[in-house]
Amino acid sequence: HVRDLDQSLAFYHDLLGLPIQERFGPPGHEIAMLGPEEGTRLELIGGGEIPEHPAPTLSLGFAPENMGQLLAALEARAIPIRPMSPNPALQFYFLEDPDGYTVQLVEYVTPSSRKTTGRTGNSLRPVSFCLGINRVRGR
């Protein structure tokens, strides 16, 4: 559930680039389905009551096509980002969506250049979507 569906769509669709596949339901109780045409989708249910700190051990993971462009867009909007690198080939960036759900951005890198491998172009569309249940540090 999300407090404000339009605000969540601005985050997940406009900023992160998830395509909207469906939007339906009466005003105040709308549902939006985001993600690729085939595969896993993110369901946003508007108008629901959610706790102040929802699902502290849940994170939504995405691997954007152009991490540099996305990080610049997040910085321009003053969205706090917590980077973490579990190994030289992997970089995570944690942030929160408008309702406080943890979002994890994943970047695969080469150890020598620390550059994104196999991810080029200007699109912010995620190339993968995963749902993970994690314990995030500091929570």
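Under the numbering used here, read the sequence shown as residues 1 to 139, first letter to last. Every residue gets a Cβ at the ideal spot worked out from N, C-alpha and C, and that includes glycine. Model, not experiment: these values are computed from the prediction.
CB contact flag (residue i, residue j, <8 angstroms)
i, j, result
"Val106", "Phe62", "yes"
"Ile45", "His13", "no"
"Leu18", "Gly35", "yes"
"Leu95", "Leu74", "yes"
"Gly48", "Gly28", "no"
"Leu58", "Tyr93", "no"
Residue i in three-state terms, based on DSSP
i, result
"Pro126", "Below a pLDDT of 50, predicted positions are generally treated as unreliable, and Pro126, at 45, falls in that range; no measurement from the model is reported."
"Ala140", "There is no way to answer for residue 140, as the model of the chain reaches only from 1 to 139."
"Gly68", "helix"
"Tyr12", "helix"
"Leu18", "coil"
Residues bridged to residue i [DSSP beta-bridge criterion]
i, result
"Ala32", "Arg23 and Leu44"
"Tyr75", "Looking at the sequence provided, one finds Glu at residue 75 rather than Tyr. DSSP, once it has assigned bridges, lists no residue as partnering Glu75."
"Glu107", "Gln91"
"Pro98", "None, per the DSSP bridge assignment."
Rounded distance between the beta-carbons of residue j and residue i, thought under 8 angstroms
i, j, result
"Ile50", "Asp99", "6 angstroms"
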